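Using the numbering used here, read the sequence shown as starting at 1244 and increasing by one per residue.
Virtual Cβ for every residue (Gly too), placed ideally from N, Cα, C.
Treat the numbers as computed from the prediction; the structure is a model and nothing was measured.
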Amino acid sequence: MAIAAAVMPQRTTSDGLGYMPIQVTSLRLDTVTHFDLYLRARPDEPAVLYADRNIPFSEESRRRLENNNVQYLYVDQSQQDAYRRYLEANLQDILSDAAISLKDKSSIVHDSAQGIVKDIVDHDRIDDGLKRTDFMMQSTVDFLFGQRSALRSLIETASVDYNTYTHSVNVSVMGIALAHRLGFGEKEMIEFGTGAMLRDIGMSRVDNAICENPGKLTVSEFEQMKLHTQNSEDILQETGGLSEVTRSIIRHHHEKLDGSGYPDGLKGQEIPSMVRLCTIVDIFDALTTQRIYQRALGSYEALQLMNREMRDEIDTDIFRAFISMMGTNT
1244 MAIAAAVMPQ
1254 RTTSDGLGYM
1264 PIQVTSLRLD
1274 TVTHFDLYLR
1284 ARPDEPAVLY
1294 ADRNIPFSEE
1304 SRRRLENNNV
1314 QYLYVDQSQQ
1324 DAYRRYLEAN
1334 LQDILSDAAI
1344 SLKDKSSIVH
1354 DSAQGIVKDI
1364 VDHDRIDDGL
1374 KRTDFMMQST
1384 VDFLFGQRSA
1394 LRSLIETASV
1404 DYNTYTHSVN
1414 VSVMGIALAH
1424 RLGFGEKEMI
1434 EFGTGAMLRD
1444 IGMSRVDNAI
1454 CENPGKLTVS
1464 EFEQMKLHTQ
1474 NSEDILQETG
1484 GLSEVTRSII
1494 RHHHEKLDGS
1504 GYPDGLKGQE
1514 IPSMVRLCTI
1524 VDIFDALTTQ
1534 RIYQRALGSY
1544 EALQLMNREM
1554 RDEIDTDIFR
1564 AFISMMGTNT
């Protein structure tokens, strides 16, 4: 089989099917991928099957691709769940591989984390969800603080289009980095990341019409929306093993210092510091991502708005640390 030279990776369609590019260096030798690999000679040409999902990726295959300057292969988007599972299973090996660019590692972190949240929300895979999330957060912490400029790369790679999966990952990544800046230990950062990633899974029990409403919610609709914090806690409590940090973030991330938040109307020091941290990052990411009912604000514009309109609701010391961190990494 002739091998085409590398083309610039981009999401394209062929015969009505979408393909996503993956870096060849992310494939581990002698592993079975469980997803088919495709080649594309040019962006405007159809993808052709390169390797069946059940054939191990060999050193010979890697060498042939390298000799032909093929840096990217393609995966049918219908098999993206299998691809994400593969990344998750090989994550630590991938993130420690010097041959993989920082940008691609950051994309892999986002893809893997989103896949876990998607499994839990869409397929009700709760049983192993906590263990997978804890492992994901351990790998994220190692990546963030083991490789220079990793945070900047992860922020740049973050999606600006809002959905439960992307929002959860964005908040966990920025929150872990902020927790580190504030002097929290590794165990607390991992517990924070798990809570931040899973805090909104209870939205799956809220009517979609409410979640996707582009207008202002009625009082009744907002009361239903607020139930997502209790829903998330209930879903995860069934599995057992929630740390207090994780549980408090899941339940209380919408609490405000002035007592105007929910579900318990906590005030000031009643709100744990990790929760106050999560609230700030949560609000920032919500303001800077595109939604049906709002345009995405730039980072500076969002921080200005928070400083101007939310000073009584958020922890100003943590907020100043967040501003400093974002100024350094954006």
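Going by DSSP, what residue range makes up the beta strand (DSSP E) through residue i?
i: D1319; result: Y1315 to D1319
i: F1294; result: The sequence shown places Ala at residue 1294, not Phe. Note, A1294: beta strand (DSSP E), V1291 to A1294.
i: L1460; result: Where L1460 is concerned, there is no enclosing beta strand (DSSP E), given that its DSSP letter is neither H nor E.
i: L1425; result: Segment: none, L1425 is in no beta strand (DSSP E) and carries neither H nor E.
Can you tell me the Cα-Cα spacing of residue i and residue j, whole angstroms?
i: L1540; j: E1552; result: 15 Å
i: Y1317; j: G1504; result: 45 Å
i: T1489; j: S1415; result: 12 Å
i: I1398; j: L1530; result: 15 Å
i: A1401; j: H1353; result: 7 Å
i: A1393; j: V1275; result: 29 Å
i: V1518; j: K1430; result: 16 Å
i: L1338; j: V1360; result: 20 Å
i: E1556; j: H1497; result: 10 Å
i: R1328; j: S1355; result: 7 Å
i: K1374; j: C1521; result: 21 Å
i: D1336; j: I1343; result: 11 Å
i: P1506; j: E1466; result: 10 Å
i: Q1512; j: D1558; result: 10 Å
i: L1421; j: T1409; result: 18 Å
i: A1245; j: F1278; result: Reliability fails at A1245, whose pLDDT of 48 lies under 50, so the model's placement of it is uncertain and no value is given.
i: A1294; j: N1311; result: 16 Å
i: M1568; j: A1325; result: 35 Å
When DSSP builds the beta bridges, which residues end up paired with residue i?
i: F1300; result: T1274
i: I1369; result: Answer is none; I1369 lacks a bridge partner.
i: P1264; result: Y1317
Under a Cβ-count criterion, where at least 16 other Cβ atoms within 10 Å of its own Cβ denotes burial, should residue i be classed as buried or exposed?
i: I1298; result: exposed
i: T1482; result: exposed
i: Q1266; result: buried
i: Y1543; result: exposed
i: E1476; result: buried
i: H1423; result: buried
i: P1457; result: exposed
How far does the alpha helix (DSSP H) with residue i in it reach, from first residue to last?
i: L1338; result: L1334 to L1338
i: D1279; result: Per DSSP, D1279 belongs to no alpha helix (DSSP H) and is neither H nor E.
i: D1560; result: T1559 to N1572
i: M1432; result: E1429 to L1441
i: S1269; result: First-last for S1269: undefined, no H or E at that position.
i: A1393; result: A1393 to T1400
*Quick one: which unbroken alpha helix (DSSP H) runs of 4-plus residues sit fully inside the segment 1463-1550? Chain order, please.*
1471-1480, 1487-1495 and 1516-1530
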